[in-house]
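Residue numbers (the working numbering), protein chains in the order written: chain A, 1 to 144; chain B, 1001 to 1144; chain C, 2001 to 2144; chain D, 3001 to 3144.
We put the CB at the ideal spot given by N, CA and C, even for glycine.
Since we're looking at a predicted model, the values are computed, not measured.
Working notes, structure below.
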């Protein structure tokens, strides 16, 4: 947890539950995406800024480990960090907590692609620099 | 029911259920869309054909009446008909059945828009003609 | 707008967009549900309190009018009011705004049902009283 | 591919696309679930049979690798196999194809749990036996 400088929150929606009475396992991918978007919103322009420059970030791989069920109306803390930038690729790690308990963790890998051609394109230097600064900084920037 | 010449089928997915143990009410809008897409697939090109011509169909209004809950793994018959074409606008009516019982009905209205500008544009004559032929025909074209 | 004392907010998620580049029309039903849940959270127990008492609120009818597209990352204000309580039934009205512009409106009707039997059951008096107080009060309780 | 005896199909729904113009990465988890449900439907009772016996299958881990984007209206073949049954736990492997091209693969692990307590419970012998027979059989049972 110490390694996660960034966090944001979601509340489990009723539409995200399933007939087992808990949050459906696919909803977690939506939450991880919310965390990525909010993470990138720390930087000038954010994710929409990337898109405005004709760059999309596609998801290459996704992994989630479900430790304890999330339930309707639970308030969840989504911790995220970005790193491992190599050319077009980068990786996010996540921890999902409820009341201090880790209920899920996961990671996703992504590639920057040209929005028009969907071909891989290097992450812009400004974003790479911002990411490195955000993750290496000793300053606290957690929102939780 | 006699007035619906077209029908298609969906099976309720587990991801579409909610913590009440029944299909979530928003899933019905996805099913109505499945019905529209399959309906338009009767015609050369289908919905993707419209999109390839730079035309999108946006949803202007949606109405659903839920009569009896749908449950996981239920096979549903989606009946649909299109009509009321006026310039850019058109309307779909729907009936959702399970084992012969009507469990929901609804309607949606749509507008053809230019995909680039999102401005309203008349429905192409070929589609209007096809729709009228499909709905006025005495021939049976139901798939159910 | 003056008639809506309650409001809450959502941000359009990327997972809620579709290939037209705007929020998918079914996502609005999820947002209206978020608004209902937050609305009921004004009262002791909230929606979960109802569920804990063995009462579920099912959706009987839903209607949405889409006036202007919502886009990724848009912050939306969801205005809601509840009324028209008759036995087991009640109704919510909604207005969705972005930057002061009304981009959608709608209404839903619901019935209180026994969670075990799914049979209609009168809305509990405490909730009916709370609703009437909330909607008739001259006090401002908007969150926006 | 040779190792997958089972397959089923889905068509990409418009509601499953996102503003990148392709299927959203969370939709794949819904499809894998459709494949699991159809896979289990090969056996008497199927997934609902498990649920009727008071057993739920929870998802413990999910992993997806996205190789090529899926698009609206694409017909996808979902190949699945189940194995690695150990006490309460089991694993599914998947391959998603479009026109013979592998566009994604993944795996999920699950645990049988008592529906009332959500505590792990051994997979019923009848299901374990059926799974072993299905996967070891030299008979072709693919649906594709």
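- The three-state reading of DSSP puts residue 3012(D) in coil, since its state is none of H, G, I, E or B.
- Contact check for residue 2104(C) and residue 2064(C): beta-carbon distance about 6 Å, within the 8 Å limit, so the pair qualifies.
- Nearest to residue 2120(C) by C-alpha distance, out of 2015(C), 2028(C), 2036(C) and 2054(C), is 2054(C).
- Distance from the CA atom of residue 68(A) to the CA atom of residue 30(A), rounded to whole angstroms, is 18 Å.
- Per DSSP, residue 2035(C) is not a residue of any beta strand (DSSP E); the alpha helix (DSSP H) it occupies stretches across 2027-2040.
- For the 7 Å CB-CB criterion, residue 1038(B) and residue 2020(C) do not form a contact.
- In this structure, the beta-carbon distance from residue 33(A) to residue 109(A) does not fall below 7 Å.
- The beta carbon of residue 1098(B) sits closer than 6 Å to those of 1074 and 1076, all from its chain and outside the five residues before and after it, given in chain order.
- Each residue's CA atom was taken as its position, placing residue 3092(D) and residue 3043(D) some 16 Å apart.
- For residue 2059(C) against residue 1066(B), the beta-carbon gap comes to about 6 Å, under 8 Å, which counts as contact.
- In the DSSP assignment, residue 3135(D) falls within the unbroken alpha helix (DSSP H) covering 3125-3136.
- Any Cβ of chain D closer than 7 Å to the Cβ of residue 2021(C) would place that residue at the interface, and such an atom is present.
- Listed in chain order, the non-local C-beta contacts of residue 115(A) below 8 Å within the same chain comprise 51, 54, 55 and 56, local neighbours out to five positions each way being set aside.
- For residue 3039(D), no Cβ of chain A is located within less than 7 Å of the residue's own Cβ.
- Within chain C, the residues placing a beta-carbon under 9 Å from that of residue 14(A) are 2030, 2033, 2034, 2036, 2037 and 2047, ordered along the chain.
- For residue 3008(D), not one C-beta of chain A is nearer than 7 Å to its own C-beta.
- Under the criterion of beta carbons closer than 8 Å, residue 1012(B) and residue 1023(B) qualify as touching, at roughly 5 Å.
- Put simply, the CB of residue 18(A) is far from chain C, with every gap to its CB atoms at 7 Å or more.
- With a threshold of 7 Å between beta carbons, residue 1064(B) makes contact with chain C.
- Residue 1111(B) has 1058(B) and 1089(B) as its beta-bridge partners, per DSSP.
- A distance below 8 Å between beta-carbons, with the five flanking residues on each side excluded, links residue 2017(C) to the following residues of its chain, in chain order: 2023, 2024, 2071 and 2072.
- Secondary structure of residue 2018(C) (DSSP, three-state): coil.
- Listed by position along chain D, the residues whose Cβ is nearer than 9 Å to that of residue 2043(C) form an empty set, because the closest Cβ is around 29 Å away.
- Counting along the chain, the unbroken alpha helix (DSSP H) around residue 2049(C) starts and ends at 2046-2052.
- Contact annotation: residue 88(A) and residue 102(A) have beta-carbon atoms that are not nearer than 7 Å.
- Here residue 102(A) carries a strand assignment [DSSP, helix/strand/coil].
- By the criterion of a C-beta distance shorter than 6 Å, residue 1122(B) is surrounded in its chain by 1087 and 1088, once the five residues flanking it on both sides are discounted.
- Spatial neighbours of residue 79(A) in its own chain (CB-CB distance under 6 Å, excluding positions within 5 residues in sequence) are listed in chain order as 4, 7 and 95.
- In the three-state DSSP reduction, residue 3(A) falls in the coil class, being neither helix nor strand.
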